[in-house]
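**Q** Heads up, the sequence shown is in UniProt numbering, so the first residue is 1 and it goes up one at a time. For every residue, glycine included, the Cβ atom is placed at its ideal position computed from N, Cα and C. Structure incoming, see below.
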Amino acid sequence: MLATVFVPATLCLLAAAVIGTLALGVRGLADRIAVTLCLSLLAVSWLVKALLVAGAFTKVGAALGAGAVLAATVGLVWWSPTLRTRVTGIRLRRPARAARDAGRPRDPFRLPAFVLLAITGLVYLRSLVIALWLPPRDIDTLWYHLVAVAGWVRTGGMDAPIEGLSKAGDLDWVVVSDTYPRDTETVTAWLSVFTHNSDLVGLTQYPFLVLMFVSTYGICRRLGTGRGLALSAASVAVLAPTVVSQSYMAYNDIARAGVAVAVWHLLLIAYPQRGISAGGPSPKAMLVLTGAVLGLGLGVKAGNGYLIPFAVLSALVLRYTAKRGRAAEAGAAGTPESSETAGAPAAGDDKSPGWKFASAALIVPAAVLGSFWYLITWARWGSPFWPIKMGPFEGPETMDFLVESARPREWQGDSMPVVVWKSWWSAIDWVGDRHWYVEWTGQLGLTWLLVLLPSVVVLAVLAAWRRRHLAAAFGVVLPLMAGTLMGPGAWYSRYTMPLMAAGAVAFAVLVQAWLDKPKPRTHRIARRAAPALALAVAVAACVSLTGQFRHPTFSLDEDPHQRNAASTNKVLTESASVRDLEGIWGPYAKIDELPDGSRIGFCADDSPQQWIPMVLIGRDFRRVLVDLGECGDPAGAARLMAEKNVPYLFTYRDSPMGEGVLAEAGDLGLADLDVVDKSAPQAWMIQLFHATPGAHDFPSSDGS
1 MLATVFVPAT
11 LCLLAAAVIG
21 TLALGVRGLA
31 DRIAVTLCLS
41 LLAVSWLVKA
51 LLVAGAFTKV
61 GAALGAGAVL
71 AATVGLVWWS
81 PTLRTRVTGI
91 RLRRPARAAR
101 DAGRPRDPFR
111 LPAFVLLAIT
121 GLVYLRSLVI
131 ALWLPPRDID
141 TLWYHLVAVA
151 GWVRTGGMDA
161 PIEGLSKAGD
171 LDWVVVSDTY
181 PRDTETVTAW
191 LSVFTHNSDL
201 VGLTQYPFLV
211 LMFVSTYGIC
221 RRLGTGRGLA
231 LSAASVAVLA
241 PTVVSQSYMA
251 YNDIARAGVA
261 VAVWHLLLIA
271 YPQRGISAGG
281 PSPKAMLVLT
291 GAVLGLGLGV
301 KAGNGYLIPF
311 AVLSALVLRY
321 TAKRGRAAEA
331 GAAGTPESSE
341 TAGAPAAGDD
351 KSPGWKFASA
361 ALIVPAAVLG
371 SFWYLITWAR
381 WGSPFWPIKM
391 GPFEGPETMD
401 FLVESARPRE
411 WQGDSMPVVV
421 WKSWWSAIDW
431 VGDRHWYVEW
441 TGQLGLTWLL
451 VLLPSVVVLA
461 VLAAWRRRHL
471 AAAFGVVLPL
481 MAGTLMGPGA
491 WYSRYTMPLM
501 AAGAVAFAVL
511 VQAWLDKPKP
521 RTHRIARRAA
531 PALALAVAVA
541 ACVSLTGQFR
551 HPTFSLDEDP
561 HQRNAASTNK
571 VLTESASVRD
581 LEGIWGPYAK
591 IDELPDGSRI
601 GFCADDSPQQ
611 WIPMVLIGRD
621 FRRVLVDLGE
631 CGDPAGAARL
641 MAEKNVPYLF
651 TYRDSPMGEG
661 VLAEAGDLGL
671 ADLDVVDKSA
681 PQAWMIQLFH
691 ATPGAHDFPS
701 SDGS
């Protein structure tokens with residue numbers, strides 16, 4: 001099925017995105033890759049949403065939809081002579097060196113870049129193997145991210161992923177499978193609809209990871225750095241421990257980071273800075289695309305809303321610095337316009353979009369495209385942010401409590417700046433401190449603390465006091481950081497991944513300025529010191545990763561069979577039958593013996609949490625979870641099972657409801673299925689009952 005349907009359908013969307021990129025007139029390999037990825041992700045997201053609304057999200061529907069997207073793109077390009085000329089006139093030869101590269105000596109960062117790229121490749125090759133060979137075992141994926149996807153793939157439509165899901169009882173985080181923004185889950189769904197299982201869900205964030213890498217590189221290049229230095233910066237940005245550890249999870253934090261960094265890359269394409277050849281795509285078109293990507297960001301995570309005002313501010317700064325740079329270039333050439341830019345609209349002249357258009361182009365598409373999930377949640381739950389209380393909208397939880405209560409106990413009560421600094425500083429504790437993923441602090445790593453953060457400070461000082469690097473500091477680095485840190489959980493490493501890209505850009509810009517010093521002696525020192533500096537950065541990155549790999553990625557609550565890197569590597573050498581039972585799946589393998597379509601009910605006052613929902617649903621999405629509502633007591637649970645035609649009942653083994661149902665099972669016509677390997681860690685958590693034949697007029701075999 002992968003070769004016959006998934007691959008061709010995905011290639012159709014990718015081809016449509018490539019054609020769209022060429023039609024926009026985007027130049028440069030990095031720029032083209034970034035725009036293609038943005039268009040591809042937008043296409044996947046909106047195709048999946050359209051199919052869900054139509055109730056046609058099936059293998060056939062997805063394949064036909066992808067073909068329709070490609071056909072529509074080709075038709076639009078063919079219909080427009082301007083677009084057709086751009087696409088058919090594409091040159092495949094290697095582009096000329098950027099203006100700022102002209103006349104530069106051999107890049108001293110070529111070898112360091114190769115080393116860092118090799119490290120990055122090896123690290124992510126391992127993560128890719130984990131994503132493809134091991135079943136999902138991370139807590140949020142199994143708690144709600146994949147629950148939403150399972151519901152879509154099973155029903156083909158927008159039905160609630162858990163039947164009867166309501167506000168009744170204490171549903172905790174199970175409810176967000178139907179209320180959170182889910183654009184990242186649309187990518188997961190695309191990876192799942194053709195296989196009807198979770199085999200590929202570990203690949204969910206890889207497109208966003210590549211986008212983060214390419215956009216970091218692209219930003220550096222558009223700010224005038226050499227290729228080797230830009231590649232080094234991009235590698236450092238994605239080698240943060242928190243990025244590496246989440247790369248094979250169907251979470252959305254790398255997705256958020258990739259979108260955030262791409263926004264500033266697109267802004268630099270819209271407003272080319274000094275030393276970058278003019279021409280290329282229309283600035284207005286790029287600003288609208290940037291707004292659409294901001295909308296994608298809102299669909300990934302509500303916290304991306306904080307990026308919008310800073311993106312608008314950056315557009316104004318970059319327009320100013322672009323105009324200033326073009327004026328300086330024209331003055332240096334002694335003409336109003338150099339021959340290189342003759343006939344091409346300069347991004348910094350009066351024809352470039354002003355603040356009114358830029359603001360509208362960024363805000364309107366973001367609001368329109370980003371509102372999809374919030375409107376659906378508002379219609380279903382009475383609040384676009386349910387279950388979070390926000391502004392005038394009520395909810396049982398507050399974001400402050402949910403995020404800030406997870407602080408380490410000794411940090412409670414500290415001000416936010418203090419907590420953020422403590423989190424960054426705790427990277428020093430890598431030698432003896434045992435971090436686990438959900439509450440990891442310091443996982444931006446030593447590279448951020450010792451190299452990238454100081455680079456940001458130096459860049460900001462130079463920009464503020466000497467008016468140097470204004471575009472880099474006030475147009476990219478500081479706004480990107482501010483938009484990231486304004487959101488909730490600024491101390492939380494996985495919520496602040498964009499900081500790595502911002503810091504890497506600052507580092508690259510400063511080092512390039514040092515390398516470009518005109519004084520011969522300074523220049524010689526800089527070029528000799530560059531490889532040593534890059535080596536120090538690589539060592540810091542590797543030390544951070546070594547500290548992360550020493551300990552298990554998950555806590556016992558997340559994965560009873562938690563493993564560190566060495567143990568995980570050993571599992572990867574086992575047979576597929578052994579790997580399939582890795583983590584929480586082994587002790588509960590008997591649950592997979594239930595008939596296809598089995599309906600498993602739970603009481604809202606005893607709802608499944610953590611990794612249990614997907615264990616009950618199954619990796620092939622065969623079973624259905626049903627919210628029975630508040631049961632009150634065991635008799636109430638049996639009554640609701642009969643009313644809702646639910647043959648199976650989940651309870652916690654040690655909960656009051658579970659103990660009561662177990663004690664009264666015979667009288668209620670329920671039998672304990674004993675599906676759990678009780679010798680396994682945390683096996684006591686799941687208890688599954690089945691209505692005995694005839695007790696509630698349920699068939700005993702097909703679960704119908």
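#1: Going by the C-beta, is Pro-81 closer than 7 Å to any heavy atom of the ligand NAD?
#2: Assuming Leu-14 contacts Ser-45 under a Cβ cut-off of 8 Å, what Cβ separation, rounded to an integer in Å, is found between them?
#3: State the DSSP-derived secondary structure class of Gly-224, mapped to helix, strand or coil.
#4: For Gly-475, count neighbouring C-beta atoms within 10 Å of its own C-beta (all shown protein chains included) and say buried if the count is 16 or more, exposed if not.
#5: Return helix, strand or coil for Thr-4, following the three-state DSSP convention.
#6: For the beta strand (DSSP E) that contains Phe-507, what are its first and last residues?
#7: Decide if the stretch 166-182 is in contact with the stretch 278-293; the criterion is three or more beta carbon pairs, one per stretch, under 8 Å apart.
#8: Measuring CA to CA, which of Gly-586, Leu-231 and Leu-452 is closest to Arg-110?
#9: Mind checking Gln-641: buried by the 16 CB within 10 Å criterion, or exposed?
#10: What number of angstroms, rounded off, separates the C-alpha of Arg-599 from the C-alpha of Ser-359?
#11: Quick check on the DSSP output: the alpha helix (DSSP H) that includes Asp-253 runs from which residue to which?
#12: DSSP beta-bridge partners for Leu-625?
#13: Let's test the definition: count the other Cβ atoms within 10 Å of the Cβ of Ile-612 and tell me whether it reaches 16, buried, or not, exposed.
#14: Cα separation between Pro-161 and Pro-396?
#15: Three or more C-beta pairs closer than 8 Å, one from the stretch 26-41 and one from the stretch 253-273: is that the case here?
#16: What does a CB cutoff of less than 8 Å around Gly-629 pick up in its chain, not counting 5 residues either side in sequence?
#17: Thr-692 by DSSP, collapsed to three states: which one?
#18: I need the boundaries of the alpha helix (DSSP H) containing Phe-650, first residue and last residue.
#19: I'd like to know whether the C-beta atoms of Asp-183 and Leu-296 end up nearer to each other than 8 Å.
#20: Might you give, ordered along the chain, the residues of its own chain that have their beta carbon closer than 7 Å to the beta carbon of Trp-133, omitting 5 neighbours on each side?
#21: Can you tell me which of Gly-601, Gly-303, Val-661 and Asp-138 puts its alpha carbon nearest to the alpha carbon of Thr-496?
#22: Determine, using beta carbons only, whether Leu-480 and Trp-264 come nearer to each other than 8 Å.
#23: Would you grab the beta carbon distance between Leu-266 and Val-293 for me? Rounded to a whole angstrom, and I think it's under 8 Å.
#24: For the stretch 148-159 and the stretch 232-242, state whether three or more C-beta atom pairs, one from each stretch, are separated by less than 8 Å.
#25: Tell me whether Ala-671 sits in a helix, a strand or coil according to DSSP, three-state version.
#26: Under a three-way DSSP split, which group does Met-158 fall into?
#27: Is Leu-362 near Val-312, with beta carbons less than 8 Å apart?
#28: Assuming Leu-459 contacts Leu-510 under a Cβ cut-off of 8 Å, what Cβ separation, rounded to an integer in Å, is found between them?
#29: So, helix, strand or coil for Met-481, using DSSP?
#30: DSSP beta-bridge partners for Thr-398?
#31: Any idea if Ala-346 is buried or exposed, counting beta-carbon neighbours within 10 angstroms, 16 or more meaning buried?
#32: Put Gln-687 into one of helix, strand or coil per three-state DSSP.
#33: Distance check for Tyr-306 and Met-390, CA to CA, integer angstroms please.
#34: Below 8 Å on the Cβ atoms is my guess for Val-26 versus Ile-269; work out the distance and round it to an integer in Å.
#35: Expressed to the nearest angstrom, what Euclidean distance is found between the alpha-carbon atoms of Gly-483 and Ile-308?
**A** In terms of the structure at hand:
#1: With respect to the ligand NAD, the structure shown offers nothing to examine, as it has no ligands at all.
#2: Not quite, the Cβ-Cβ distance comes to about 14 Å (not below 8 Å), so this is no contact.
#3: Coil, per DSSP.
#4: Gly-475 comes out buried.
#5: When secondary structure is reduced to three states using DSSP, Thr-4 falls in the helix class.
#6: Annotation for Phe-507: no beta strand (DSSP E) segment contains it, though the alpha helix (DSSP H) segment containing it runs 498-515.
#7: Three or more beta-carbon pairs separated by less than 8 Å are not found between the stretch 166-182 and the stretch 278-293, which leaves the two stretches without contact.
#8: Ranked by Cα distance from Arg-110, the first of Gly-586, Leu-231 and Leu-452 is Leu-231.
#9: Here the sequence assigns Met to residue 641, which means Gln is not the residue at that position. Looking at its Cβ environment, which holds 16 or more other Cβ atoms inside 10 Å, Met-641 is buried.
#10: Answer to the nearest angstrom: the Cα atoms are 50 Å apart.
#11: Run containing Asp-253: 253-270, per the alpha helix (DSSP H) assignment.
#12: Leu-625 pairs with Ile-600.
#13: Buried: at least 16 other Cβ atoms inside 10 Å.
#14: Near 21 Å, if we compare the C-alpha coordinates of Pro-396 and Pro-161.
#15: With a cut-off of 8 Å, the stretch 253-273 and the stretch 26-41 count as touching, because enough Cβ pairs lie within range.
#16: Residues of the same chain with a CB within less than 8 Å of the CB of Gly-629, apart from the 5 flanking positions on each side, are Gly-164, Ser-166, Ala-168, Gly-169, Cys-603, Ala-604 and Leu-640 in chain order.
#17: Here Thr-692 sits in coil by DSSP.
#18: In the DSSP assignment, Phe-650 falls outside any alpha helix (DSSP H) and within the unbroken beta strand (DSSP E) covering 648-652.
#19: Yes, Cβ-Cβ distance for Asp-183 and Leu-296 is below 8 Å.
#20: Here the set comprises Leu-572 and Arg-579.
#21: It is Gly-303.
#22: The answer is yes: Cβ separation under 8 Å.
#23: Their Cβ separation, rounded to whole angstroms, is 6 Å, which keeps Leu-266 and Val-293 in contact under 8 Å.
#24: They do not touch, by the three-pair rule.
#25: If DSSP states are grouped into helix, strand and coil, Ala-671 belongs with the strands.
#26: Met-158 carries a coil assignment under DSSP once its states are collapsed to helix, strand and coil.
#27: Cβ atoms of Leu-362 and Val-312: closer than 8 Å.
#28: Contact between Leu-459 and Leu-510 holds, with the beta-carbon distance rounding to 6 Å and staying under 8 Å.
#29: In the structure shown, Met-481 adopts helical secondary structure according to DSSP, grouped into three states.
#30: Per DSSP, the beta bridge partners of Thr-398 are Lys-389.
#31: Caution applies to Ala-346, whose pLDDT of 42 falls short of 50 and renders its modelled position unreliable; the model cannot decide the point.
#32: Gln-687 sits in a strand when the DSSP states are folded into three classes.
#33: Whole-angstrom Cα-Cα distance: 14 Å.
#34: With a beta-carbon spacing of about 7 Å, Val-26 and Ile-269 fall inside the 8 Å limit used to define contacts.
#35: Whole-angstrom Cα-Cα distance: 8 Å.
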